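Read through the structure below, which is laid out as structure tokens, and then see the notes.
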Amino acid sequence: MQENDISTVENIELELLLQAVYLQYGYDFRNYSRAHVKRRVKHRLVQEGMKSISELQNQILHDKTAFDRLVRDLSINVTEMFRNPAFYKSVREKVIPILKTYPYLKIWHAGCATGEEVFSFAIMLKEEGLLERTQIYATDFNPYIIKKARNGIFPIRYIKEYTANYQKAGGLESFSDYYHANDELVIFDKNLSKNMVFAEHNLVTDSVFAEVNMIVCRNVLIYFNNNLQNKVLHLFHKSLVVGGFLALGTKESLMFSDEEKKYKVIDPKQKIFKKKYE
Amino acid sequence: MNKRKDIKAIVIGASAGGLYALKKLLPALPASFPCPVLVVQHLSPHSDNYMVRMLDELSPLVVKEADEKEPVIPGTVYVAPPDYHLLVEEDFTLSLSVEEKVNYSRPAIDVLFETAADAYGRHLMGIILTGANADGANGLLAVKKRGGFTIVQQPEDAESQAMPKAAIELVKPHKIFTLDEIITFLSKGDFCSK
């Protein structure tokens, strides 16, 4: 076969695999960015020592553990504490003062991965005197990740970088006061996670579960196509109280979405938006 | 190659020494340049958009940081943002990703080249410039396998030789050019499909 024919066949196989995964396991990756999904699936092919996506599909349909491995590949868990310090600084300066006017708060981290961002937020909320009256929801579609995130235990090898991020983010204390460290791990203070609820939630297939004051969903929408982005942004809008905040990733925006006019821009660079009164 | 007039996009990968090379190469392309250009230059994840602003200032073409879902338009140079991989979709729009580093790099040249090869097939030109690692070699191989045209900067001419050397060894590219030769070759733009 010519290389270009191979490419056509591969696209058909990929389409069928995503359909099979949806029908058998209920996970819907059909509206994910295709180039991204293709890369991840091909990565799995190499790992499984297989030659074609059809072969992988056969295995995945009959063996749940093979599916679990694919899910891990398709969920992007690259994250860090106080990732993009300028974002946290902006939240501290532009969002927190408004959040302080509420007697009770709910914040939703959608697509929380291994939880680094959730714990970073908790630290910031504690320093601003808000942690005690905030209910934090942290959700991800990947159940294995959720289990990890809940523990608040992270590898120690990045702690220097995290400490620098924390300081740049406007941290008020000594970062090491928040965790205990051993040779390999840092274990965050249990008090930080007292009001956290970790749950499996799939932005693609699940619906509104709470009315919240702020949604943090950074570098998740970039993996979705336009239709799915719009659908998820609609879900966010329904989940936010009037005047609630939406925080997206640095390279994400509402610009091409139907939802744009429903928000006021709070920080155009850090992608922080506020739901308008209708 | 002189017969080829069917190129629809150009991908360029550069690492150490790349800023100097791009500063020479991109401003040499005329405003009428008929192909879109997609660039991965390895950068610190914390860098701002200084490089893009400077290249845009110096170039007749529009040079911009790539946005997700953006359609690829001829005569525009798209640069991968720091700390994001840049991917091309088969509908010729761009995607970004923060998945794991590839070859210790994000953005990775391989990610751009492999997805662009999927999208453009034989209508792609891949160029590897100076660099101190081996990122881009696999990507350039993907371009060649799909029937695309491949160019590597002559190692002796490059500020860092490792990346061109790795690409030459793996790919056996169609052309090995000095930077000046690449500029002369590219600026004609007569290989782009009309």
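Chains as they are written, first to last, in our numbering: chain A, -1 to 276; chain B, -1 to 192.
All C-beta atoms, glycine included, are put in the ideal place defined by N, C-alpha and C.
Small disclaimer: the values here were computed from a predicted structure and weren't measured.
Asked                                                                                                                                                                   : Found
For GLY119(B) and ILE107(B), what's the separation of their Cα atoms in angstroms?                                                                                      : 17 Å
Contact check, ARG81(A) vs ARG42(A) under 8 Å by CB: the rounded distance?                                                                                              : Going by Cβ atoms, the distance from ARG81(A) to ARG42(A) rounds to 26 Å, so no, they are not a contact pair.
Could you tell me whether the Cβ atoms of GLU66(B) and VAL76(A) are closer together than 7 Å?                                                                           : no
Compute the beta-carbon to beta-carbon distance between TYR33(A) and LEU85(B), rounded to the nearest angstrom, for a pair I have assumed lies under 8 Å.               : Looking at the sequence itself, residue 33(A) is Ala, so the reference to Tyr does not match. Yes, ALA33(A) and LEU85(B) are in contact; Cβ-Cβ is about 4 Å, under 8 Å.
Return the chain-ordered list of same chain residues with a C-beta closer than 7 Å to the C-beta of GLU13(A), the five sequence neighbours on each side being excluded. : none
Going by the CB atoms, is the gap between ALA19(B) and GLY129(B) shorter than 7 Å?                                                                                      : no
Determine which residues share a DSSP beta bridge with GLU276(A) and list them.                                                                                         : In the DSSP output, where bridge partners are listed per residue, GLU276(A) has none listed.
Any contact of the stretch 56 to 66 of chain A with the stretch 84 to 100 of chain A, i.e. 3+ C-beta pairs under 8 Å?                                                   : no
Quick one: give me the first and last residue of the alpha helix (DSSP H) that PHE183(B) is part of.                                                                    : 177 to 186
What in chain A is Cβ-close to LYS67(B), meaning under 7 Å?                                                                                                             : ASN224 and PHE254
Measuring only the C-alpha atoms, how far is LEU190(A) from LYS40(A)?                                                                                                   : 39 Å
So which residues of chain A does PRO79(B) contact, with C-beta pairs closer than 7 Å?                                                                                  : LYS249
Pull up the DSSP beta-bridge partners for ASP65(B), would you.                                                                                                          : ASP65(B) pairs with nothing; no bridge assigned.
Less than 8 Å between C-beta atoms, sequence neighbours within five positions excluded: which residues of the same chain meet that for ALA208(A)?                       : LYS104, TRP106, TYR135 and SER237
Considering only the beta carbon of each residue, do ASP71(A) and ARG38(A) sit closer than 7 Å?                                                                         : yes
Return the residue from the list TYR30(A), VAL7(A), THR248(A) and LEU54(A) that minimises the CA-CA distance to THR203(A).                                              : TYR30(A)
Measure the CB-CB distance between ASP81(B) and ASN101(B) and report whether it falls below 7 Å.                                                                        : no
Between the beta-carbon of ALA165(B) and the beta-carbon of VAL141(B), is there less than 7 Å?                                                                          : no
Once DSSP output is grouped into helix, strand and coil, what is the label at MET253(A)?                                                                                : coil
Work out the CA separation of VAL60(B) and PRO79(B) for me, nearest whole Å.                                                                                            : 16 Å
In this structure, how does DSSP classify GLN227(A) when only helix, strand and coil are distinguished?                                                                 : helix
When you compare only the Cα positions, how much space is there between THR113(B) and VAL263(A)?                                                                        : 33 Å
Could you round the C-beta distance between LYS143(B) and PRO153(B) to whole angstroms and report it? I think they count as a contact, below 8 Å.                       : Not confirmed; about 23 Å, so no contact.
Taking the beta carbon of VAL83(A) as the centre, do at least 16 other beta carbons fall within 10 Å, making it buried, or is it exposed?                               : The displayed chain sequence assigns Pro, not Val, to residue 83(A). By the 10 Å Cβ count, PRO83(A) comes out buried.
Counting Cβ pairs, one atom from each stretch, are 3 or more of them under 8 Å apart for the stretch 140 to 159 of chain A and the stretch 223 to 233 of chain A?       : no
Counting only beta-carbon atoms, is LEU177(B) nearer than 7 Å to chain A?                                                                                               : no
Give a yes or no on whether the minimum CB-CB distance between LYS93(B) and chain A is below 7 Å.                                                                       : Position check: residue 93(B) holds Ser in this sequence, whereas Lys was assumed. Yes, SER93(B) counts as interfacial toward chain A.
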